[in-house]
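In our numbering, the protein residues as written are 5 to 145.
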Amino acid sequence: MAAYMAEYMADTYYETGWDADIITFVPMEEKRMKARGYNQAMLLAQHLSDILKKPCVTALRRDKHADNLAGMNRQQRAEAIKNTMSAIDGTDIKGKVVLLIDDVMTTSATANECCRALRKLNPDKIYVITFATSRSRPFLY
Numbered sequence: 005m006a007a008y009m010a011e012y013m014a015d016t017y018y019e020t021g022w023d024a025d026i027i028t029f030v031p032m033e034e035k036r037m038k039a040r041g042y043n044q045a046m047l048l049a050q051h052l053s054d055i056l057k058k059p060c061v062t063a064l065r066r067d068k069h070a071d072n073l074a075g076m077n078r079q080q081r082a083e084a085i086k087n088t089m090s091a092i093d094g095t096d097i098k099g100k101v102v103l104l105i106d107d108v109m110t111t112s113a114t115a116n117e118c119c120r121a122l123r124k125l126n127p128d129k130i131y132v133i134t135f136a137t138s139r140s141r142p143f144l145y
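Below is the structure:
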C-alpha cells in the first residue's frame, strides 16, 4: 500500500517543481513502533526515495511522549507536541533542501515541530508533503 501512496506523493512533488536533496520522515515513539511493527511515514519516505532517486535519512527522533492528538483543537495539538522532537546530531542536512514526509496532516502541529527541530541543523529549505490532509487539497508546507 505504501508504494502506491508514494507514487501519488511523487506526482505531487513533481507538480511543485521542488528539487529536494534529501528525504526524511516524522519519527514514531519507540514503544508505539514496537507495538505496530512499522512507521508509516518512514515506509512512505523509503518508497518515495526509490521513486525520486533521493537519499532517505533518519534525521529526527521523538524524545518525549505526546498525548494522543485526536480530538484536540489546533492550539491543544501545538502545545501537546511542543518540544517532543529533536534533530539527530551528525545528520548532514546543512545547506540542503529537505523533504519531510508524513502520512496525514490535520493542523500542521507535528510538521511545525519537526521543522523546528530540523532547523537546528541549518538546512537551506524544508518542504513537507503528506499523503492525506484535513484540507480539501494536498497540503504543501
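Beta carbons are placed, not taken as given, at the ideal position from N, Cα and C, and that holds for glycine.
For Ala136, the enclosing beta strand (DSSP E) starts and ends at Lys129 to Thr137. Within the model, the alpha-carbon separation for Ile92 versus Ala24 is close to 19 Å. Comparing C-alpha distances from Thr114 to each of Asp96, Leu64 and Ile97 shows the shortest one belongs to Leu64.
Here DSSP, grouped into helix, strand and coil, assigns Met32 to coil.
For Thr110 and Ile133, the gap between their C-alpha atoms comes out near 12 Å.
If only complete runs of 4 or more residues are kept, the segment 45–81 shows no alpha helix (DSSP H) anywhere.
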